[in-house]
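S.K.:
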Amino acid sequence: MEMDRQRKRVGAEAQAKRWWEDSHFTLLETLMEGSDSSIYGAIFEYNFSYNYQNFSSLRVPPRYVIAFRGTILTSQTWFSDARHDLRCIFDNLHHSPKFEHAMQAIHNMVVKYRDTSVWLAGHSLGAGLAVLAGKTMARFGFFLEAYIFNPPISSIPLETLIKCKMLKGGIRFGGSLLKAVVAKIFKVQEDDLPMNIVRWTPYLYVNPADPICLEYIGYFKNKTFISKIGLSEIERTATRNPLRSLLVGKKKTSSPSEFANEPLHFLTSAYMTVNKNVSHDIRKAHGLDQWRDPSFNGEYVFYQFNS
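Per my numbering, residue 667 is the first one in the sequence shown, and the count goes up by one each step.
Pasting the structure below:
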């Protein structure tokens with residue numbers, strides 16, 4: 667949609683419209699915010715949802731989907747999108763006016779149509795918005811089903827840099843232990859993690875060849891290992907307290923998100939699909955086309971932790 671806007675493609679020349687019409691969706695609203703007036707998301711209504719009302723054995727599709735796009739590095743959007751990419755890296759996306767605008771749109775839809783009727787979706791930068799919005803809504807008891815493609819994670823991509831599994835595991839465990847010790851030294855006090863957050867389980871789609879999202883694989887591997895050896899409290903403290911926040915201190919914020927002082931990627935549960943097709947092209951590994959490729963070969967893993 668944003669590329670159609672930038673290239674002034676309208677009517678029969680517009681390409682985005684074919685996508686939602688072929689999937690039986692109707693565009694309800696475009697989400698625009700910022701000095702560049704770019705479209706960063708949209709709200710769609712599914713046309714055929716009523717067909718499922720009398721078939722309880724079938725999984726009911728969403729009535730509404732709120733979707734957020736990824737980064738577009740063109741002259742009209744590169745500055746704003748790159749700035750928001752940096753917000754993802756430094757875990758302050760919650761300060762973005764775009765996030766506040768998105769939260770208002772989500773809140774309006776949930777109030778009007780209930781959370782069970784509204785799904786979230788996002789790719790890349792949009793995936794970061796969807797994760798943060800989903801966690802924020804879950805905290806208040808609204809569990810929006812969410813499909814998160816190639817979500818950004820602010821962590822060193824050890825999965826790519828180090829091949830030895832034991833060494834990777836040792837570095838992750840050592841990093842968790844270090845942050846937990848630093849948090850203890852600085853006497854960091856943490857709020858109890860709401861059970862609502864534990865219950866929210868998004869669908870994550872990651873590719874091991876994509877440096878933007880691949881460390882989610884290591885993130886959940888580390889949680890699994892530490893949980894098995896009975897040190898979940900250390901992992902929870904380490905994950906919720908990045909070293910930079912420990913060293914510079916946590917800041918008070920007026921953000922609509924209650925996770926303003928935690929890493930964007932902090933999750934306790936997820937349905938994660940990993941693309942097992944070998945890819946040597948980072949752009950393709952980060953793209954959306956891979957998830958609808960007929961030859962897709964994926965591994966599905968369910969993670970659920972209490973903290």
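From the three backbone atoms N, C-alpha and C, an ideal C-beta is built for every residue, glycine too.
#1: Does DSSP put residue 970 in a helix, in a strand, or in coil?
#2: To the nearest angstrom, how far is it from the Cα of residue 709 to the Cα of residue 863?
#3: Check whether the region 825–832 and the region 773–792 touch, using three or more Cβ-Cβ pairs below 8 Å as the test.
#4: For the alpha helix (DSSP H) containing residue 755, list its first residue and its last residue.
#5: Is the number of C-beta pairs between the region 805–812 and the region 751–766 that are closer than 8 Å three or more?
#6: Nearest-angstrom Cα distance between residue 778 and residue 711?
#7: Nearest by alpha-carbon distance to residue 874: which of 798, 818, 744 is it?
#8: On a CA-only basis, which of 809, 931, 740, 967 is nearest residue 878? Give me that one, please.
#9: Would you kindly report the start and end of the unbroken alpha helix (DSSP H) that includes residue 774?
#10: Give the secondary structure of residue 878 by DSSP, where H, G and I count as helix, E and B as strand, and everything else as coil.
#11: Taking only the alpha-carbon atoms, compute the straight-line gap between residue 944 and residue 876 and give it to the nearest angstrom.
#12: Have a look at residue 689 and residue 834 and give me their C-alpha separation to the nearest angstrom.
#13: Counting along the chain, where does the beta strand (DSSP E) carrying residue 693 start and finish?
#14: In whole angstroms, give me the CA-to-CA distance for residue 752 and residue 822.
#15: Ignore the nearest five residues each way along the sequence and tell me which others in residue 680's own chain have a CB closer than 6 Å to its CB.
#16: Can you check whether the CB of residue 773 is closer than 8 Å to the CB of residue 762?
#17: What separation, rounded to the nearest whole angstrom, lies between the Cα atoms of residue 953 and residue 816?
#18: Classify residue 667 as helix, strand or coil using the three-state DSSP reduction.
#19: Answer with yes or no whether the minimum CB distance from residue 687 to chain D is below 8 Å.
#20: Measuring CA to CA, which of 797, 775, 971 is closest to residue 902?
#21: Among 780, 963, 868, which residue has its Cα nearest to the Cα of residue 969?
#22: Are residue 704 and residue 668 closer than 8 Å when you measure CB to CB?
#23: Taking the C-alpha atoms as reference points, what is the distance between residue 885 and residue 961?
#24: Rounded to the nearest angstrom, what separates residue 675 and residue 836 at their Cα positions?
#25: Among 949, 928, 967, which residue has its Cα nearest to the Cα of residue 756?
#26: Quick check: residue 796 and residue 839, are their CB atoms within less than 8 Å of each other?
M.R.: Answer, in terms of the structure:
#1: In the structure shown, residue 970 sits in a strand (DSSP, three-state: E or B).
#2: Rounded to the nearest whole angstrom, the C-alpha separation of residue 709 and residue 863 is 24 Å.
#3: No, they do not touch.
#4: For residue 755, the enclosing alpha helix (DSSP H) begins and ends at 744–755.
#5: In short, these stretches do not touch, since the Cβ pair count stays below three.
#6: For residue 778 and residue 711, the distance between alpha carbons rounds to 13 Å.
#7: Comparing Cα-Cα distances from residue 874 to each of 798, 818, 744, the minimum goes to 818.
#8: The shortest Cα separation from residue 878 among 809, 931, 740, 967 belongs to 931.
#9: Segment 763–779, the alpha helix (DSSP H) holding residue 774.
#10: Residue state, collapsed to three classes: coil.
#11: Going by the C-alpha atoms only, they are around 11 Å apart.
#12: Straight-line measurement puts the Cα of residue 834 at about 41 Å from the Cα of residue 689.
#13: Per DSSP, residue 693 belongs to the beta strand (DSSP E) from 691–698.
#14: Rounded to the nearest angstrom, the two C-alpha atoms are 15 Å apart.
#15: The beta carbon of residue 680 sits closer than 6 Å to the beta carbons of 670 from its chain, once the five residues preceding and following it are set aside; these are given in chain order.
#16: The Cβ-Cβ distance between residue 762 and residue 773 does not fall below 8 Å.
#17: Going by the C-alpha atoms only, they are around 8 Å apart.
#18: Reduced to three states, the DSSP call for residue 667 is coil.
#19: The chain inventory of the structure shown lacks chain D, comprising one protein chain alone.
#20: Nearest in C-alpha terms to residue 902, of all of 797, 775, 971, is 971.
#21: Ranking the options by Cα distance to residue 969, first place goes to 868.
#22: Less than 8 Å divides the Cβ of residue 704 from the Cβ of residue 668.
#23: Taking the straight line joining both Cα atoms gives about 27 Å.
#24: For the pair residue 675 and residue 836, the Cα-to-Cα distance works out to about 52 Å.
#25: Ranking 949, 928, 967 by Cα distance to residue 756 puts 928 first.
#26: Taking 8 Å as the Cβ cut-off, residue 796 and residue 839 do not qualify as a contacting pair.
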